[in-house]
Every structure is written in structure tokens, then in C-alpha cells.
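Take a look at the structure below.
2 protein chains.
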Amino acid sequence: MDTIEVFKALSNEARLQILEWLKDPTAYFRPQEGVDLVEIGVCVSQITEKLNMTQSTASQYLSILQRAGLVSATRLGKWTYYKRDEEAIKKITSNIQQNL
Amino acid sequence: MDTIEVFKALSNEARLQILEWLKDPTAYFRPQEGVDLVEIGVCVSQITEKLNMTQSTASQYLSILQRAGLVSATRLGKWTYYKRDEEAIKKITSNIQQNL
DNA sequence: TCATTATATCGACGTTTTCCGATATGTCAA
DNA sequence: TTGACATATCGGAAAACGTCGATATAATGA
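Okay, here's the thing in C-alpha cells:
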């Protein structure tokens, strides 16, 4: 768990926004054909749409969040679904709490 | 309390190092003529020395930490003493814990 | 007042980050 | 297989960051 990578990932308004939205996917995203937004996650297109940035940027930002261990990805057919990794986030915040 | 500024301040190895040292000043810094390292803080020269960077950089990094609310500064004579603002840090970490 | 010392600020330059458009890859359906 | 769609990756321009040396400011003491 590289703390600096986590802080870097969190040093960006758009990425914090994504994490925020993913806290309550059904509140922020349209329901998806036979996919449980909460269990599986939200696809890149929907995040791109809300972000008001290009698909390229959204994809890269999701990658950064994933590398930092804050979200996880699941590929299903054409779609990649991203969701928060609450376990990991709990470990990270408790680590920050303890060591900062 | 600007969260992003905090994360940016923490996205740097040297600045994290400074925060770490300031947790236990007497362990990492020489005693200072009639100044309580713990109560008043550590002066810029001593931090510069340990950082292995220039005085300019140390001063700027301390400024960044201060603007993020992580440390506070006290000027006494020629010296500026920096110490962790534990109150603020507690608020910040608890805020991260709660909102991340 | 002047020299000295501690700190802050300025200007610069290389590196990293931000964000984009273009294109490649993967997947499905016809 | 081909076309269409979702996502990832590449290459780049502009902004921000990391870090320095030089210089300005503040405080002290001779």
C-alpha cells in the first residue's frame, strides 16, 4: 500500500468526485441493463458522461484510482465496471488516521 | 479546510518526512538554546539540515504544510519555529476517515 | 549604522500532471 | 467476417510541481 500514490490519486478534484459518486451509484447513475450498479459497479461511459471530460481522461483517472487501490474493476462483455473497494479504503483511512 | 490542498501537501516524500520528524522533535533534532522543541517547534535551519535540500526548498515546503493547516509557525527573534498542529491534523484525518 | 545570521521570496528550468484527440484493442451481433 | 460500440493506450500541449541559486527582508548585536 503506497501511501504517496494514494495521496496523489486523491489530489485531484475530478478523481475525488468519482469516488464520491461511487459511494452511492444508484443516486448518481442511470440503472444499467441487468447489472447491479452497487454490486458490480458503474461503467466508464456513465462516469465519462457525468465527469464532463473525455472518455480518455475518465478511463485514465479510473486507472489511477485503481492503481492506488481505491477502486476495483470488473470486465463484463464490452463494459468495464468500476466500484469502490471499501475494504481497501477502510485500511487506507485507518492507516492515515494512525500514521499521519 | 481545503481537502485537496491537504492531499497535495501530502503527495511529497520530503513533506511527509518533515511531518514524521515533527512528531517527535527531541528524537530527531538537536536541543535549541532556551527553546522547548516540543512546545515551540523546530527552526527552519535544523529541518533544512536533515532534509538534505536547500534552505529555499525547506522554507517553501514548510509554507505548503502550513497553508494546508498541518503545521503552525512561531517567529521568535531571527528564528521561525514550526510544529505540527495536532488539533488540525486530528480534524483532517477524522474528516478523511468520515468522507473518503 | 553595519555586519551577520535566519528565513522568505523570486526567477528559472527540468519533470510531472492534466487533459485532450487520435487510434488501438476487445467484444458482441449480424 | 465485418461493423459498431466500450474501453484502453499513445502522443502531445499547457499547466503545475520540484528544486535550485540568488536575492530580499527581518532581527540581532557590535
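Just so you know, the protein sequences line up as chains A and B, in that order.
Going by full-length UniProt numbering, the first sequence opens with residue 1, and the numbers climb by one from there.
Going by full-length UniProt numbering, the second sequence opens with residue 1, and the numbers climb by one from there.
All C-beta atoms, glycine included, are put in the ideal place defined by N, C-alpha and C.
Would you mind sorting Q60(B) into buried or exposed? The rule is 16 or more other CB atoms within 10 Å of its CB. In the second sequence, residue 60(B) corresponds to position 60, counting from 1. Looking at its Cβ environment, which holds fewer than 16 other Cβ atoms inside 10 Å, Q60(B) is exposed.
Quick check on DSSP: helix, strand or coil for A14(B)? Along the second sequence, read from residue 1 onward, the residue named residue 14(B) stands at position 14. It is helical.
Is there a C-beta anywhere in chain A that falls below 9 Å from the one on S72(B)? Within the second sequence, residue 72(B) is the residue found at index 72, counting from 1. Not an interface residue.
Amino acids of chain A, ordered along the chain, whose beta-carbon sits closer than 7 Å to that of K8(B): On the second sequence, position 8 is the one that residue 8(B) refers to. Taking a Cβ-Cβ threshold of 7 Å, the residues of chain A close to K8(B) are S11, in chain order.
Own chain, CB closer than 7 Å to D53(B), minus 5 neighbours either side, in chain order: Residue 53(B) sits at position 53 when you count from the first residue of the second sequence. The sequence given here has Met at residue 53(B), not Asp. Result list for M53(B): A14, in chain order.
Which residues in chain A sit within 8 Å of Q97(B), going by Cβ to Cβ distance? On the second sequence, position 97 is the one that residue 97(B) refers to. In chain order: T93, S94, I96 and Q97.
Return the CA-CA distance between E7(A) and K23(B), expressed in angstroms with no decimal places. Working through the first sequence from its first residue, we reach residue 7(A) at position 7. Working through the second sequence from its first residue, we reach residue 23(B) at position 23. It should be pointed out that residue 7(A) corresponds to Phe in this sequence rather than to Glu. Each residue's Cα considered, the two are about 20 Å apart.
Interface flag, L19(A) vs chain B, CB-CB below 9 Å: Your numbering for residue 19(A) matches position 19 in the first sequence. Cβ-Cβ to chain B under 9 Å: yes for L19(A).
Beta-carbon separation of G41(A) and A73(A) under 9 Å? One-based indexing of the first sequence puts residue 41(A) at position 41. One-based indexing of the first sequence puts residue 73(A) at position 73. Yes.
Any idea which residues DSSP pairs W79(A) with across the strands? Counting from one through the first sequence, the residue named residue 79(A) turns up at place 79. Paired residues: L76(A).
Element boundaries [alpha helix (DSSP H), containing I4(A)]: Here residue 4(A) corresponds to residue number 4 of the first sequence, with the count starting at 1. Element bounds for I4(A): T3 to A9.
By the 10 Å Cβ neighbour count, where 16 or more other Cβ atoms means buried, how is A27(B) classified, buried or exposed? Here residue 27(B) corresponds to residue number 27 of the second sequence, with the count starting at 1. Exposed is the call here.
When burial is assigned at 16 or more other CB atoms within 10 Å of the CB, is D85(B) buried or exposed? Your numbering for residue 85(B) matches position 85 in the second sequence. D85(B) is buried by the Cβ-count criterion.
Own chain partners of S94(B) with C-beta closer than 6 Å, once the 5 adjacent residues on each side are dropped: Looking up residue 94(B) in the second sequence gives position 94. If we look at S94(B) and ignore the five residues flanking it on each side, it has no Cβ neighbours.
May I ask you to list the residues that DSSP assigns as paired with V71(A)? If you number the first sequence from 1, residue 71(A) lands on position 71. DSSP output for V71(A) lists R84(A) as bridge partner(s).
Nearest chain B C-beta to L65(A) closer than 9 Å, yes or no? As a first step, residue 65(A) must be located in the first sequence, where it is residue number 65. L65(A) has a beta carbon lying at 9 Å or more from every beta carbon in chain B.
Verify whether the separation of the beta carbon atoms of V38(A) and K83(A) is less than 9 Å. For the purposes of this step, residue 38(A) is taken as residue 38 along the first sequence, with counting starting at 1. For the purposes of this step, residue 83(A) is taken as residue 83 along the first sequence, with counting starting at 1. It is a contact, given that the beta carbons lie within the stated cut-off.
Compare the C-beta of I40(B) against all C-beta atoms of chain A and say whether one is closer than 9 Å. Here residue 40(B) corresponds to residue number 40 of the second sequence, with the count starting at 1. At a cut-off of 9 Å, the C-beta of I40(B) has no neighbouring C-beta in chain A.
is_contact[L16(A), chain B] using C-beta, thresh 9 Å: As a first step, residue 16(A) is located in the first sequence; it is residue number 16 there, counting from the start. True, the Cβ-Cβ gap to chain B drops below 9 Å.
Euclidean distance between Cα positions of P25(A) and L100(B): For the purposes of this step, residue 25(A) is taken as the residue at position 25 of the first sequence. For the purposes of this step, residue 100(B) is taken as the residue at position 100 of the second sequence. In a straight line, the C-alpha of P25(A) is about 15 Å away from that of L100(B).
Return yes when the C-beta of R15(B) is under 8 Å from any heavy atom of the ligand MG, and no when it is not. The ligand MG is not part of the structure shown, which contains no ligands of any sort.
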